[in-house]
Every structure is written in C-alpha cells, then in structure tokens.
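S.K.:
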Amino acid sequence: MVHLSTIPTNDEVEKLANGVKKVHLQLANDDDSFTTSVYGSKFAAQDLPRHEMPEGEMPKEVAYRMIKDELSLDGNPILNLASFVTTYMEEEAEKLMAESFSKNFIDYEEYPQSADIQNRCVSMIGRLFSAPVGPGETIGAVGTSCVGSSEAIMLAVLAMKKRWKNKRMAEGKPCDRPNIVMSSAVQVCWEKATRYFEIEEKLVYCTEDRYVVDPEETVNLVDENTIGIALILGTTYTGEYEDVKAVNDLLTKKGLNTPIHVDAASGGFVAPFVVPDLEWDFRLDNVVSINVSGHKYGLVYPGVGWVVWRSAEYLPQELVFNINYLGADQASFTLNFSKGASQVIGQYYQLIRLGKKGYRAIMSNLTRTADYLSDSLEALGFIIMSKKSGEGLPLVAFRLPPDEDRKYDEFALAHALRVRGWVVPAYTMAPHTNQMKMLRVVVREDFTKNRCDALINDIKSSQKLLQEMDRDSIKKQQDFIHKHHTAGGKATHNHPKYRVRSCAAASSPPRV
Ligand SMILES: Cc1ncc(COP(=O)(O)O)c(C=O)c1O
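Going by our numbering, the sequence shown opens with residue 51, and the numbers climb by one from there.
1) State the Cα-Cα distance for the pair R245 and L123, rounded to the nearest angstrom.
2) Is E201 near ligand 1, judged by its Cβ being under 8 Å from some heavy atom?
3) Unbroken beta strand (DSSP E) runs of length 3 or more, entirely within the region 423–487: which are they?
4) Any chance the CB of I282 is under 8 Å from a heavy atom of ligand 3?
5) Just confirm the distance between the C-beta atoms of C502 and L430, as a whole number of angstroms; I'd bet it's less than 8 Å.
6) What are the start and end residues of the alpha helix (DSSP H) that includes L75?
7) Where does K65 sit, in a helix, a strand or coil, going by DSSP?
8) K110: which of F93, K295, Y409 and R470 sits nearest, CA to CA?
9) Let me make sure I understand the geometry here. Which of L404, N336, L208 and V354 has the alpha-carbon closest to that of V342?
10) For a test of your reading of the model: does the CB of D313 fall under 8 Å from any non-hydrogen atom of ligand 1? Yes or no.
11) When DSSP builds the beta bridges, which residues end up paired with S343?
12) For K540, count neighbouring C-beta atoms within 10 Å of its own C-beta (all shown protein chains included) and say buried if the count is 16 or more, exposed if not.
13) G125: beta carbon under 8 Å from a heavy atom of ligand 1?
14) Tell me whether N307 sits in a helix, a strand or coil according to DSSP, three-state version.
15) Using CA atoms only, rank isn't needed, just tell me which of D331, I277 and V269 is closest to K303.
16) Work out the CA separation of R218 and P224 for me, nearest whole Å.
17) Go through its chain and collect everything with a Cβ distance to E292's Cβ below 6 Å, but skip five positions before and after it.
18) Can you check the region 278–304 for any beta strand (DSSP E) of at least 3 residues that lies completely inside it and give the ranges in chain order?
19) Between the Cα of D313 and the Cα atoms of E201, D496 and M147, which residue gives the shortest distance?
20) Is the beta carbon of F134 within less than 8 Å of some heavy atom of ligand 1?
21) Can you give me the C-alpha to C-alpha distance between L445 and D335, rounded to a whole angstrom?
22) Specify, as a first and last residue, the run of the alpha helix (DSSP H) that C171 falls within.
23) Using 8 Å as the cut-off, can you tell me whether the region 173–192 makes contact with the region 431–440, which would need three or more C-beta pairs spanning the two stretches below that distance?
24) Which stretch, first to last residue, makes up the alpha helix (DSSP H) that contains N229?
25) In three-state DSSP terms, what is N275?
26) Considering only their Cβ atoms, is the gap separating A132 from V493 smaller than 9 Å?
27) Consider the C-beta atom of T37 and the heavy atoms of ligand 1; say whether any pair is separated by less than 8 Å.
28) List the DSSP bridge partners of R260.
29) If you scan the region 98–159 from start to end, which runs of the alpha helix (DSSP H) of 4 or more residues do you find wholly inside it?
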C-alpha cells in the first residue's frame with residue numbers, strides 16, 4: 051500500500067534531482083586492462099557483443115562467466131520433459147568425450163582407433179537389430195554414425211531411391227516420379243528428406259482413435275514408383291510402435307518385395323530390451339534399413355545417430371565415396387565431412403559399460419515410471435493416449451477429458467507448468483484427428499520416481515490455480531509466458547525473411 055502523503059510533488063522531485071546531482075559518485079572508471087574480478091571489470095557494465103566481432107580481447111574468465119550467466123536463462127535440461135535427448139552421462143563418459151573434443155572423426159588415418167570404434171558400434175547395433183550374419187562372417191550389417199536420426203534417414207532414403215532407380219532403369223522404365231509411403235505422423239526430417247530429394251509423399255493418415263498407420267491401407271498405397279515404406283518404432287506424438295510385422299506379412303502375402311525402412315529413432319534402444327520378442331527389425335525379410343538416435347535412448351549427449359542396412363546389397367556402391375584423404379583410402383557415406391569423434395566414443399562407452407544388462411535395467415525402470423505416471427494421470431481424470439507396459443516408448447501422451455465448463459485447455463496447463471520450470475509441450479495431434487490437443491511427457495534416464503511425484507503434484511496445483519482463474523486472465527498469462535519465457539514468442543534467431551508469425555499457442559508437435 052502506497053501512502054499518498056509519501057508521493058513527492060513536482061517541486062519536491064526537482065529538489066531531489068538537484069540534490070542527487072550534487073552527490074559526488076566516486077565510481078571506478080579505470081581502463082582496466084588488468085581486472086581483479088569478473089563483475090568489477092568494464093565488461094560487466096557493457097552489452098555483450100551481438101553483431102560485430104569486437105576489436106579487442108576480453109579475459110577468458112570474463113568471457114566464460116558472461117556467457118554462462120546468459121545461458122542460465124535457458125530452460126533447465128533436466129526439467130525439459132519435451133525432449134528425448136540425453137541429459138545425463140556418467141563422469142567417466144564425459145571425461146572420455148572431453149578428451150576427444152579435438153579429434154576430427156573423418157581423419158581416419160590419424161585417428162584409426164576412433165574409426166574402428168565406430169565399426170564396433172555399427173556391428174553391435176546391427177546385431178542388436180538381428181542383422182543376418184553369414185557363416186564365417188563377423189559383420190553382417192553395414193552402416194555409419196551420423197549427426198542424428200535426421201541425417202541417418204536422409205541417407206537411408208537416398209539408398210532406397212537409388213536402388214529403385216537402378217532397377218527401373220535396368221527394366222527400361224521411367225524413374226522420374228518416385229514416392230514413399232509413410233504415416234502423416236512422421237517426424238519433420240521425413241518431410242525434409244522428401245522435399246530435398248524430390249520424392250512424392252504418400253501419406254497414411256491417423257484418425258481420432260488410431261495414431262499409427264493402418265497396415266492394410268499402407269500396403270494398398272504401394273505402386274511401381276514406391277521406393278519404400280517408412281514405419282516408425284515409436285511415433286513422436288504418442289510413442290506407439292507401428293506394426294512393422296503386419297506390413298511385412300501383408301507385402302509377402304501380396305508377393306511384393308517393397309523395402310521397409312524402420313525409423314527406430316527412439317524405439318531402437320528400448321524395444322530390444324523391454325519387448326525382445328516384438329518382431330520389428332531385420333528378423334522381417336522386407337526390412338532393409340533402420341535408423342536409431344544414439345543421443346536418445348542410446349544414452350549419449352546430442353549429436354549422434356546410426357543407420358544400418360541389413361547387408362551391403364542394400365547400400366548402392368555409387369553412393370559410397372572411396373576417397374584418398376591425408377594418405378589413406380576410406381569409404382564414406384555421410385552428408386557431412388568433418389565432425390567431432392566424441393559422440394561416437396561416448397556411444398561405445400555406453401554400449402560396453404552398460405552392456406545388455408545395464409540397458410535392460412534402465413529401460414525397465416523408465417517403463418515402470420511411465421506406467422506409474424500414466425496411472426496417476428488417469429486417476430486425475432486425464433485421457434491417456436500412449437501405450438503402457440512396454441507396448442510403446444516410455445512416454446505419456448495425455449489430454450483433458452471433454453468438459454464444456456472448464457476454462458482452460460492443454461496449452462494453458464503447459465504454460466502454468468512452465469512457471470514452475472517444467473517443459474511439458476502441448477500440441478495438436480497429426481492431421482485428420484480433429485485438431486485434438488494433447489500434452490506429452492518423455493520419461494528419460496534421469497526422470498526418477500521422485501521427480502515424477504514432484505511433477506504430478508505440480509500438475510495438480512496448476513490445475514487448481516487455473517480452475518480458480520477466469521478465462522481472460524488465463525489467456526493473458528498464456529500470452530505473457532509464450533512471449534517472454536519461450537523462444538517461439540521471441541524468434542529473434544530467425545532471419546526476418548523466414549520468420550513465421552508467432553501464434554499464442556504453439557500447435558506444432560514437439561520435434562525431438
Ligand atoms: C521418430 C523420429 N524420427 C526422427 C527423429 C529425428 O531424430 P534426430 O533428432 O536424432 O535427428 C525424431 C526425433 O525426435 C523422431 O522422434
């Protein structure tokens with residue numbers, strides 16, 4: 051409460067200002083080429099350079115602190131339940147990775163051990179996915195490390211397109227209208243792949259009560275121009291596994307040998323441990339290639355993915371570059387040339403450190419936590435859209451039950467949780483599902499039962515708070531948080547030419 055008598059009149063304000071002018075502020079103004087403390091330096095009183103590279107230098111402690119301070123306004127990765135990407139690795143793994151920061155992975159000649167470690171990972175992952183290994187052979191699958199599943203998918207699509215084109219040309223048939231059959235719920239990298247490589251998308255749409263492809267519909271879309279079928283082992287929207295076996299068996303029944311690529315970005319390191327009997331991989335004859343993100347349930351910090359082909363036959367030789375670089379012959383099939391070796395080394399650490407037993411223990415715990423969260427949310431009245439008991443990824447996709455009197459929606463709840471630091475995305479389901487709104491919590495390695503309970507409590511209190519607010523205040527709060535707490539509202543990182551008009555409620559699905 052401000053007392054009116056304490057508000058100064060205009061005369062008084064002027065007197066006060068003159069008084070302040072007379073006070074001799076003895077502020078330090080030395081040009082401190084030597085600084086004793088970060089916050090006493092001139093840099094702490096200036097804007098950080100934004101557009102022009104500065105002429106002068108700054109001390110390393112200052113640069114470190116200033117950037118670290120700025121980054122503290124980013125979200126806390128541990129509370130980011132939107133992302134599948136690994137946020138925890140053991141210190142030993144971090145140490146190994148940090149020790150390899152300066153290694154360029156592509157310099158096979160200089161770093162032959164790093165290259166060999168990649169081959170060991172490809173071999174282990176190929177075997178995990180049941181790649182056939184011929185008698186007397188040690189390696190069946192061929193493959194490579196990538197920056198993530200997106201690059202892996204680009205490579206797999208290129209290989210399918212090339213094989214289809216070679217076959218069509220050999221038969222003297224036109225090869226200018228390739229298409230790919232896939233779900234409307236694919237991750238954005240599939241849309242990139244089809245646009246960049248000029249391939250028509252033949253989409254199988256989800257419905258209000260089916261969030262994966264219908265196998266029959268999928269196979270019916272196949273024609274002579276189909277380079278392959280993409281199936282997802284754990285969709286980004288609800289985490290549900292598409293029925294690869296059903297599609298494979300229908301193709302066989304119809305006498306078709308259309309190749310299947312499985313996008314196992316997340317499920318590739320979950321299903322083999324939690325539901326080992328589920329047939330989705332190279333056990334099925336039509337599955338020719340699989341991608342998996344090492345940086346998701348592969349448990350490595352971001353930038354590593356893998357693509358494996360069931361055998362060399364499915365990776366056309368013309369796509370593989372045999373280059374002589376710095377004195378050594380090397381085979382390369384990647385979109386990028388140079389990249390750090392750390393992530394590949396981090397993947398090898400996890401594979402041999404944890405072994406199948408370790409991955410099984412972690413993935414089992416995640417599945418239990420996801421089931422616990424799912425049951426708790428169901429008890430609170432939410433509708434659960436994801437599968438339980440290992441029939442899908444360890445995530446919970448849920449929505450509010452229909453209620454005309456409720457003043458808030460899933461987006462308002464996501465925004466209220468954001469105030470507590472949680473990043474739980476709200477989005478609308480894939481096309482043709484009546485703009486159904488939903489929320490999604492990804493259960494990652496560091497999301498323990500204890501943290502899960504904290505989230506459930508915050509969901510309850512956020513709902514209580516929203517219930518007590520009126521519609522206008524909810525909308526105002528939502529707009530404010532969107533504008534000030536999320537990058538979507540600011541979007542200053544986009545060039546103006548490519549900036550989309552921001553909307554108050556982000557409706558696109560989470561992308562990772
Ligand atoms: C099913 C699916 N495919 C592909 C991707 C892209 O993976 P990455 O982020 O590793 O490039 C994702 C990311 O979440 C995904 O969920």
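Backbone N, C-alpha and C fix where the C-beta goes; we use that ideal spot for every residue, glycine too.
M.R.: Well, looking at it:
1) 35 Å
2) yes
3) 445–449 and 476–478
4) Absent from the structure shown: ligand 3. Ligands present: ligand 1.
5) Contact flag wrong, Cβ pair sits at about 13 Å.
6) Premise fails: L75 is in no alpha helix (DSSP H) and is neither H nor E.
7) helix
8) F93
9) V354
10) yes
11) G355
12) Any reading at K540 is ruled out, since the residue's pLDDT is 48, under 50, leaving its predicted position unreliable.
13) no
14) coil
15) V269
16) 7 Å
17) V262, V263, L281 and I282
18) none
19) E201
20) yes
21) 29 Å
22) P162 to L178
23) no
24) Looking at the DSSP string, N229 is not in any alpha helix (DSSP H); the run it does join, the beta strand (DSSP E), is N229 to S233.
25) coil
26) no
27) In the structure as shown, the chain begins at 51 and stops at 562. Residue 37 is therefore absent and cannot be evaluated.
28) T257
29) 110–121 and 141–149
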